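Single-structure report; data block below.
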Amino acid sequence: MAISNKTNIYDELVWRELLYDSTPGVFKRLAGNPVTCYNGFDPTSPSLHVGNLIPITGLMRFQKYGHTPIAIIGGGTGMIGDPSGKSEERQLLDTNQVEENVEAIKLQLEKFLDINSKNNPAKLINNTDWLRQEKLIDFLRNVGKHFNVNNMLSKESVKGRLDRESGISFTEFSYQVLQAYDFLMLHEKYGCELQTGGSDQWGNIIAGVNLIRKIHNNKNNSKGVVHGLVYPLITNSLGEKIGKSIGGNITINPKETSPYKFYQFFLNTADSDVIYYLKLFTDMSKKTIDTLEMITNSEPKKRSAQIALSENITTLVHGDSGLQTAMRVTKAFFSGDFNSLNPEETLDVLKGAPITQISKTLVEGEGIPFIELAFAAKMGFSKGDVRRTVIQGGFYLNSLNVEDQNMKVQLSDFNKGTLLVIRRGKKNHSIVKIIE
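What follows is the structure in C-alpha cells.
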C-alpha cells in the first residue's frame with residue numbers, strides 16, 4: 027500500500043467513507059506519534075468472510091501509516107459467543123473446534139499483516155493467553171465491579187434480545203465484559219490505545235474504553251486515555267449486508283469460496299455500489315477512483331470499475347496466481363471450453379447445475395448416442411425434443427456444437443475420463459459424471 031506524507035490515516039478513513047464513529051480526540055491522537063491499535067476476530071468458523079476484509083484492510087492501513095496493529099483472535103471469547111447482531115443464542119462450539127478455527131484464522135491473517143516489519147511489526151494474539159489464567163472470584167472483584175448492569179442492559183446487542191421471548195443467557199451477556207478486558211490487557215501489556223471494529227461493536231468498544239479509564243484513573247496515572255473507532259457495516263445500495271446476505275457466505279478461504287467465485291462476486295457488483303466498494307476494499311488513490319467513476323457514468327457497459335475492483339481484491343486475498351486462475355476459469359466458462367478446466371473447477375463453475383451419473387461401460391467402445399445421453403440428463407422433455415434441438419443447432423458438448431443427430435458420446439469426450447458438460451442454448455447446463 028502506498029502512503030502519502032501529506033495525510034494521516036484519519037483523513038484517509040474519512041474520504042474512503044470508512045469512519046462511522048469514533049471517540050472524541052481520535053483525530054488529534056492519530057495526527058501525533060504512532061499508536062498501537064487492535065481489532066478482534068472471533069473464531070466462530072474456520073474462515074473469515076469478505077465483511078471481515080474491512081477491519082483487516084483497516085489494520086493494514088494503520089500499519090502503512092506507521093502504527094502498530096494487533097489482531098486478536100478470540101480463542102477465549104469465541105467460547106462464549108458475541109450476541110451483537112444475533113437474534114438468537116449462538117450454538118456454543120466445543121474447545122477443539124474453536125482451537126482449530128483459531129489456527130486457521132491465524133494463517134489467514136498472516137497473509138495480510140507484516141509481522142516481520144523492522145519498525146512496526148504486527149502482532150497476532152489469542153486472548154486465551156490471559157482469559158484462561160483468570161480466577162473467577164478475582165475477575166469479578168477486580169473487573170466486574172466496574173460494570174453497571176443498567177448500562178449493560180442498555181446496549182443494543184442486549185436490548186434487542188431482551189425484547190424477544192428467547193432472551194439472552196448470562197454467558198452471552200458477559201461477552202462485553204470479556205471484550206472490554208481484552209482492551210485492558212492489551213493496553214497494559216502493549217500500550218494499545220485504540221480499538222477498531224464494525225459499528226455493531228461500538229457498545230463493546232466503549233465498555234473497554236470506560237473500563238480502562240476507571241481502573242487507571244483510580245490509580246492516578248495518565249494511562250487511562252484510550253480511544254475507539256468503528257467502520258460502517260458494509261451493505262449494497264439495497265441495504266443488504268455484504269458477505270453473507272448477498273451471494274451466500276463468501277469467505278476468504280479458497281477451499282470454501284474458490285478464487286473464481288470470489289472474483290465473480292465482486293465482478294457482479296452493481297454500478298451504484300462499485301465506487302463505494304473501491305474506496306472501502308482497495309488502496310487505489312482518490313484520483314484513480316474518481317477516473318473510474320467518470321468512466322462508469324459515461325460508459326457503464328465497459329464495467330471498468332468492476333474489473334478493477336475484482337482484480338484488485340482477488341489479488342489481495344488470493345495472490346497473483348489466484349487472480350490468474352479466476353480469469354482463466356472465467357474465460358473458459360464464457361467460451362464454453364470446459365475441457366480447459368480440471369473437473370473440480372468445472373463443478374465449481376457450474377455449481378447448482380444438475381448432475382447425471384452414468385456407468386463407464388455405457389461410453390466405452392462405440393459409446394452412447396448423444397440424444398439418449400442428453401435425454402437422460404434431463405436436457406429435453408423427450409428424445410424427439412432433443413433431436414429437434416440438435417437439428418436447430420441448439421446443443422453443445424463441452425465447447426463443440428452438436429451437429430449430427432446420430433453422434434455418439436465416447437469415453438474420450440469426458441474431461442480426464444471423469445465428466446462432460448452438455449449445454450442447451452446459452453445458459454442451460456447439465457453435467458454428466460462417470461461412475462466406475
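Counted the way the working numbering counts, the sequence shown spans residues 27 to 462. C-beta: ideal position from N, C-alpha, C; glycine also. Model, not experiment: these values are computed from the prediction.
Report the residue from P369, G391, T387 and E390 whose alpha carbon sits nearest the alpha carbon of I381. In the sequence shown, counting from the first residue as 1, residue 381 sits at position 355. Comparing Cα-Cα distances from I381 to each of P369, G391, T387 and E390, the minimum goes to P369.
Which of helix, strand or coil does DSSP assign to A334? Here residue 334 refers to the residue found at position 308 when the sequence shown is read from its first residue. Helix, per DSSP.
For V500, which of K386, I194 and P285 has the nearest alpha-carbon? The structure shown does not extend to residue 500, since the chain spans only 27 to 462, so no value can be given for it.
From which residue to which residue does the alpha helix (DSSP H) around P81 run? The count along the sequence shown starts at 1 and reaches residue 81 at position 55. First-last of the alpha helix (DSSP H) with P81: L79 to K90.
Roughly how far, in whole angstroms, is the beta-carbon of I315 from the beta-carbon of K327, given that I think they are within contact range, below 8 Å? On the sequence shown, residue 315 is found 289 positions in, with the first residue counted as 1. On the sequence shown, residue 327 is found 301 positions in, with the first residue counted as 1. By a beta-carbon distance limit of 8 Å, I315 does not contact K327. Their separation comes to about 19 Å.
With a 10 Å radius around its C-beta and 16 neighbouring C-beta atoms as the bar for buried, classify V458 as buried or exposed. As a working note, residue 458 is residue 432 in the sequence shown. Counting Cβ neighbours within 10 Å, V458 comes out buried, since at least 16 surround it.
Return the Cβ separation of R116 and G107 in integer angstroms, given the expectation that the two are a contact with Cβ distance under 8 Å. For the purposes of this step, residue 116 is identified with residue 90 of the sequence shown, where counting begins at 1. For the purposes of this step, residue 107 is identified with residue 81 of the sequence shown, where counting begins at 1. A Cβ-Cβ separation of about 4 Å places R116 in contact with G107 under the 8 Å criterion.
Just to check, is the beta-carbon of E390 closer than 8 Å to a non-hydrogen atom of the ligand NAD? The ligand NAD is not among the ligands present in this structure, which contains no ligands whatsoever.
For G217, which residues in the same chain have their Cβ closer than 7 Å to its Cβ, ignoring the five residues on either side in sequence? One-based indexing of the sequence shown puts residue 217 at position 191. Short of 7 Å from the beta carbon of G217, and not among the five residues preceding or following it, lie these beta carbons of its own chain, in chain order: T62.
Assign N383 to one of two classes, buried (16 or more other C-beta atoms within 10 Å of its C-beta) or exposed (fewer than that). Locating residue 383 in the sequence shown gives position 357, where the first residue counts as 1. Here residue 383 turns out to be Gln, not Asn, going by the sequence shown. It counts as exposed.
Sequence-distant residues of its chain with Cβ nearer than 6 Å to T197 (five each side left out): Position 171 of the sequence shown, counted from the start, is the residue given in the question as residue 197. Hits under 6 Å: I106.
State the CB to CB distance for the pair I260 and G100, rounded to an integer number of angstroms; the pair is presumed to be in contact (CB under 8 Å). Your numbering for residue 260 matches position 234 in the sequence shown. Your numbering for residue 100 matches position 74 in the sequence shown. In this structure I260 does not touch G100 by the C-beta definition: roughly 21 Å separates them, more than the 8 Å allowed.
Rounded to the nearest angstrom, what separates Y46 and Y257 at their Cα positions? Position 20 of the sequence shown holds residue 46. Position 231 of the sequence shown holds residue 257. Computed Cα separation, rounded: 5 Å.
Assess, as a yes-or-no matter, whether the stretch 59–75 is touched by the stretch 215–233 under the definition of 3 or more beta carbon pairs within less than 8 Å. Yes, the stretch 215–233 is in contact with the stretch 59–75.
Which of helix, strand or coil does DSSP assign to L44? Counting from one through the sequence shown, the residue named residue 44 turns up at place 18. Three-state result, L44: coil.
Where do the ends of the alpha helix (DSSP H) carrying G410 lie? Within the sequence shown, residue 410 is the residue found at index 384, counting from 1. Secondary structure note for G410: its alpha helix (DSSP H) is the uninterrupted segment K409 to I417.
If we count Cβ pairs, one from each stretch, closer than 8 Å, do we get three or more for the stretch 222–242 versus the stretch 193–207? Because the criterion of three Cβ pairs below 8 Å is met, the stretch 222–242 and the stretch 193–207 touch.
Taking DSSP as the reference, what is the three-state secondary structure of N454? The residue you call residue 454 lines up with position 428 of the sequence shown. Three-state result, N454: strand.
Measuring CA to CA, which of R414, G378, L367 and H455 is closest to K404? Walking along the sequence shown from the start, residue 404 turns up at place 378. The shortest C-alpha separation from K404 is found at H455.
Please confirm whether G348 and N424 have their CB atoms less than 9 Å apart. As a position in the sequence shown, residue 348 is number 322, starting the count at 1. As a position in the sequence shown, residue 424 is number 398, starting the count at 1. No, these two residues do not count as a Cβ contact at 9 Å.
Over what stretch of residues does the alpha helix (DSSP H) that includes Q123 continue unbroken? Here the question's residue 123 lines up with position 97 in the sequence shown. For Q123, the uninterrupted alpha helix (DSSP H) run begins and ends at T121 to E136, by DSSP.
Could you give the first and the last residue of the continuous beta strand (DSSP E) run that contains F67? Here residue 67 refers to the residue found at position 41 of the sequence shown. Unbroken beta strand (DSSP E) run through F67: T62 to F67.
Write down every uninterrupted run of the alpha helix (DSSP H) in the stretch 370–411 whose length is 4 residues or greater and which is fully enclosed by it, in chain order. You should have 396–402.
On the criterion of 16 or more Cβ atoms from any shown chain inside 10 Å, does Q134 qualify as buried, or is it exposed? Looking up residue 134 in the sequence shown gives position 108. It counts as buried.
Give the secondary structure of N31 by DSSP, where H, G and I count as helix, E and B as strand, and everything else as coil. Position 5 of the sequence shown, counted from the start, is the residue given in the question as residue 31. At N31 the pLDDT is 44, less than 50, meaning the model places this residue with poor confidence and gives no usable figure here.
Where A97 falls: helix, strand or coil (DSSP): The residue labelled residue 97 in the question sits at position 71 within the sequence shown. If DSSP states are grouped into helix, strand and coil, A97 belongs with the strands.
Segment contact, 8 Å Cβ cut-off, at least three pairs: the stretch 79–96 with the stretch 282–299: Three or more Cβ pairs closer than 8 Å define a contact, and the stretch 79–96 falls short of that threshold against the stretch 282–299.
When we look at the beta-carbon of Q418 and count the other beta-carbons within 10 Å, is it buried (16 or more) or exposed? As a position in the sequence shown, residue 418 is number 392, starting the count at 1. Residue burial is scored here from C-beta neighbours: Q418 has fewer than 16 other C-beta atoms within 10 angstroms and is therefore classed as exposed.
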